[in-house]
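First comes the structure, then the notes that go with it.
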Amino acid sequence: MRLVAVRSTSPDEGLVALLVQEGGPSILAVPVSAREGLSLSAEAGSVEYWPPLLQRCLEAQGGRLEQVRLSIDDDAVLRADLVLAACQSPGEQAPGRCVPCTPGEALMISNGCGLPVRASDGLLRLRGVDLGEESISEKVARWRQDLAAGSTGIR
Numbered sequence: 001m002r003l004v005a006v007r008s009t010s011p012d013e014g015l016v017a018l019l020v021q022e023g024g025p026s027i028l029a030v031p032v033s034a035r036e037g038l039s040l041s042a043e044a045g046s047v048e049y050w051p052p053l054l055q056r057c058l059e060a061q062g063g064r065l066e067q068v069r070l071s072i073d074d075d076a077v078l079r080a081d082l083v084l085a086a087c088q089s090p091g092e093q094a095p096g097r098c099v100p101c102t103p104g105e106a107l108m109i110s111n112g113c114g115l116p117v118r119a120s121d122g123l124l125r126l127r128g129v130d131l132g133e134e135s136i137s138e139k140v141a142r143w144r145q146d147l148a149a150g151s152t153g154i155r
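Each residue of the sequence shown is one higher than the one before, counting from 1 in the UniProt record's numbering.
As C-alpha cells, then:
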C-alpha cells in the first residue's frame, strides 16, 4: 500500500491517512494524530528526523527495518507492527521480529524510511473500500434504467 493523502473526516473526528493498495482496487483510511497528519502531509524535504534515526540505530545493532504491517485483532481493532530483520552474520537472516506500535507511528516510520506498507487480508476485507466496485449512484442509475425499461429483474 502507499500513502496518497491525509484528510480530515470532520472537525470532531480528526485526521485519516489514505492508503491505496498497489496493484489493487482497495483504499484504506488509517486514523492519525494531528502531529502525525502534519508530518505525513509535509513536503518531501521536511521529513521527521526520528524515523531515519531509528533505522540507523537498528542498523548499528545488526538489524534493519523490513516493512510496516497493518492488521486487525480479534476485536477488529486496527493494529500496526514494525517488521524487523535481524542480521546474524553477513548474508544470513534471522527470523523477522515484530515491534507493535500505533498505526500513525508505523506510517510515519514507513514514510520517513521508505518502507513498504502491507495490510492484512482481514483488514482490507473489513475496512478497505473497493475502488473498482460499482458506486451506489451507478447502481441506482442502472436500477432506474431497468425500471424504466420494465425489466426489474424480480420474478
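Backbone N, C-alpha and C define an ideal beta-carbon position, used for all residues, glycine too.
Model, not experiment: these values are computed from the prediction.
Alpha-carbon spacing of Ser41 relative to Ser26, whole angstroms: 21 Å
Buried or exposed (CB count within 10 angstroms, at least 16 for buried), Cys113: buried
Beta-carbon separation (whole angstroms), Ala106 vs Ala76, contact threshold 8 Å: About 18 Å separates the two Cβ atoms, so there is no contact after all.
Nonlocal neighbours in the same chain, by C-beta distance under 6 Å from Pro31, ignoring five residues either side: Val16
Leu3: first and last residue of the uninterrupted beta strand (DSSP E) it sits in: 2–10
Test item: CB-CB of residue 157 and Leu3 under 7 Å: Not covered by the structure: residue 157. The range shown for the chain is 1 to 155.
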